[in-house]
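In my numbering, the protein residues as written are 6 to 241.
Beta carbons: idealized from backbone N, C-alpha and C, even for Gly.
Model, not experiment: these values are computed from the prediction.
One structure is given below, encoded as structure tokens.
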């Protein structure tokens, strides 16, 4: 399985885009003049550059194939399939990053590898997903969703067919250049499959530490943020 896309943000009907980079200097985060809006900027000669985005992803299924009829995967097949898959992808935006001080452009380069396993075991199934992502926006860039540096994510769950539930845990570790300490998060939850994926209830406890991206939203920069999430899904 493979995917390939070539986009032209310079002609996007959404306009010039929005910069989501951190614009303050807090908790030791160095300020950055880099700006990324997903749209093209003009160079000193007045010529728009950074109009093309190139993305690709390739995946190899060792056992059963996953359906590609939808733009996303099921996440788990509840013991009905044997799936082991490895994949890799990239995101390239030449001249996509804009320096507001020097008025110069630089390239954005992201690369990722992932592994997925969903296998029947006894009266249930095990579910595992691991991903490594390398982001390169430029020196000391950090935004609401990512920054220059590396990120690792892993999750594990076990589906109990008789009870129609899947307890799971997920952990992420992100080491960004602009942050003094790594950002870590932990999710612990339970999926209740009332009617498989067509009707599902999820309860989750979320904890994240050293997330400097959230510090501006509080009066005092906190080391740890916690949430309890409840989600109800209906798919027709």
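Measure the alpha-carbon distance for residue i versus residue j and round it to whole angstroms.
i           : j           : result
residue 159 : residue 189 : 12 Å
residue 177 : residue 156 : 7 Å
residue 139 : residue 153 : 8 Å
residue 92  : residue 67  : 11 Å
residue 208 : residue 164 : 15 Å
residue 2   : residue 146 : Outside the shown range of the chain (6 to 241) lies residue 2, about which nothing can therefore be said.
residue 19  : residue 202 : Unreliable placement is indicated for residue 19, whose pLDDT of 40 sits below 50; no coordinate value is reported for it.
residue 150 : residue 119 : 19 Å
residue 187 : residue 69  : 37 Å
residue 161 : residue 84  : 15 Å
residue 175 : residue 110 : 37 Å
residue 205 : residue 199 : 5 Å
residue 101 : residue 141 : 11 Å
residue 128 : residue 80  : 18 Å
Around the Cβ of residue i, are there at least 16 other Cβ atoms within 10 angstroms (buried) or fewer (exposed)?
i           : result
residue 237 : exposed
residue 231 : exposed
residue 98  : buried
residue 228 : exposed
residue 215 : buried
residue 167 : exposed
residue 134 : buried
residue 241 : exposed
Once DSSP output is grouped into helix, strand and coil, what is the label at residue i?
i           : result
residue 234 : strand
residue 145 : coil
residue 83  : coil
residue 125 : strand
residue 157 : strand
residue 119 : strand
What is the C-beta distance between residue i and residue j, in whole angstroms, given that I count them as a contact (C-beta under 8 Å)?
i          : j           : result
residue 71 : residue 78  : 6 Å
residue 82 : residue 123 : 5 Å
residue 90 : residue 64  : 5 Å
Do residue i and residue j have their C-beta atoms closer together than 8 Å?
i           : j           : result
residue 194 : residue 173 : yes
residue 196 : residue 211 : no
residue 60  : residue 103 : no
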